Structures are given as structure tokens and as C-alpha cells.
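The opening position of the sequence shown corresponds to residue 98 in my numbering, with each subsequent residue numbered one higher.
Note that the Cβ used here is the ideal one computed from N, Cα and C, for glycine as well.
Quick caveat: nothing in here was measured; it's all calculated off a predicted structure.
For reference, the structure discussed in these notes is given below.
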Amino acid sequence: MKRSNKRWFRTVASVFLFALTLTIGSGTASAIEPEGAMKSKEVKALVANAKTPADHMKLARHFNAMAEKHEAEALEHEALAVEYTRNPRMGSSKTPMSPNSAEHCKYFAEHCRKAAKEMRAMAANHEAMAKDAGK
98 MKRSNKRWFR TVASVFLFAL TLTIGSGTAS AIEPEGAMKS KEVKALVANA KTPADHMKLA
158 RHFNAMAEKH EAEALEHEAL AVEYTRNPRM GSSKTPMSPN SAEHCKYFAE HCRKAAKEMR
218 AMAANHEAMA KDAGK
């Protein structure tokens with residue numbers, strides 16, 4: 098194997114291991130829901146029927162958990178973007194939004210940050226509704 102191919106392989110392997118470490122270490126793999134998160138069906142039912150402060154606080158905890166998940170995913174994509182920027186050969190310059198490009202990772206990092214911000218706003222709204230429902 099040529100030296101440049103070995104370097105490319107090592108870089109790809111290190112990016113993969115870094116992403117895997119972030120996913121496992123932070124508990125944010127898509128198959129693993131963060132503490133406080135509920136299933137989609139549960140959320141829909143609770144949104145439709147929430148009346149008590151406890152109902153709204155349960156929703157607030159769910160939306161805060163989802164915000165944390167999105168923030169962790171943003172960090173993962175930002176780290177990958179750095180690695181792809183360091184070694185542009187890993188990504189395709191012909192297809193800048195391919196899954197293995199810095200532009201792709203930067204786009205999804207921003208998307209995840211926006212989603213986290215929206216989740217935090219929803220959590221704050223449900224915390225306010227919990228206070229109002231308790232009066």
C-alpha cells in the first residue's frame with residue numbers, strides 16, 4: 098500500500114472511531130433515546146390531552162432530552178467536518194454535499210443546533226403551561 102493510501106485509511110478509521118466514541122460515550126445513538134424522552138405515540142397523546150402541571154412537565158422533560166440529543170449530534174457533525182476539512186481526499190470535491198464531506202457535516206451540525214433551540218423553546222412553553230395549569 099502506498100504511503101498516501103495508508104494515511105487516508107488511518108484518517109478514515111480515526112474519524113469512524115471518533116464518531117463511534119462520541120455516539121457510545123454520550124449515549125446519543127439514534128437507537129438509544131436520552132433519559133426523559135418518550136416514544137412518538139406517547140408524545141402525540143400527551144400533547145393532545147395535557148391538562149395537569151405533571152403532564153406539561155413530562156413534555157418539558159421530553160423536549161429538553163431531545164434538545165440534548167440534537168446538541169450532541171451537532172457536536173459529532175462538527176467534529177467530523179473538522180476531520181474532513183483536514184483531509185479533503187476523504188470527501189468528494191465533485192459532490193460537496195455527499196455524506197462524507199465537510200459541507201455535509203457543517204450543514205447537519207447547523208440543522209441539529211436549530212432543532213435543539215426549537216426543542217428548548219417547546220420545553221420552556223410547557224414549563225410555563227405547567228405553572229399556569231397549577232394556578
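Could you give the C-beta distance for residue 209 and residue 153, rounded to a whole number, given that I count them as a contact under 8 Å?
-> The residue labelled residue 209 in the question sits at position 112 within the sequence shown. The residue labelled residue 153 in the question sits at position 56 within the sequence shown. With 8 Å as the limit, residue 209 and residue 153 do not qualify as a contact, their Cβ atoms being about 25 Å apart.
Ignore the nearest five residues each way along the sequence and tell me which others in residue 157's own chain have a CB closer than 6 Å to its CB.
-> Walking along the sequence shown from the start, residue 157 turns up at place 60. Closer than 6 Å at the Cβ level, and outside the excluded window around residue 157, lie 220, 223, 224.
With a 10 Å radius around its C-beta and 16 neighbouring C-beta atoms as the bar for buried, classify residue 214 as buried or exposed.
-> Within the sequence shown, numbered from 1, the residue matching residue 214 stands at position 117. Residue 214 is exposed by the Cβ-count criterion.
Distance between residue 163 and residue 127 (C-alpha atoms, nearest Å) | If you number the sequence shown from 1, residue 127 lands on position 30. If you number the sequence shown from 1, residue 163 lands on position 66. For residue 127, the pLDDT reaches just 47, beneath the cut-off of 50, and the residue's location in the model is therefore unreliable, although a value from the coordinates is still provided. Whole-angstrom Cα-Cα distance: 11 Å.
Taking DSSP as the reference, what is the three-state secondary structure of residue 149?
-> Walking along the sequence shown from the start, residue 149 turns up at place 52. It is coil, neither helix nor strand.
Are there 16 or more other CB atoms within 10 angstroms of the CB of residue 142, so buried, or fewer, so exposed?
-> Here residue 142 refers to the residue found at position 45 when the sequence shown is read from its first residue. Burial call: exposed.
Sort 217, 212, 177, 226 by Cα distance to residue 202 and report the nearest one.
-> In the sequence shown, counting from the first residue as 1, residue 202 sits at position 105. The shortest C-alpha separation from residue 202 is found at 177.
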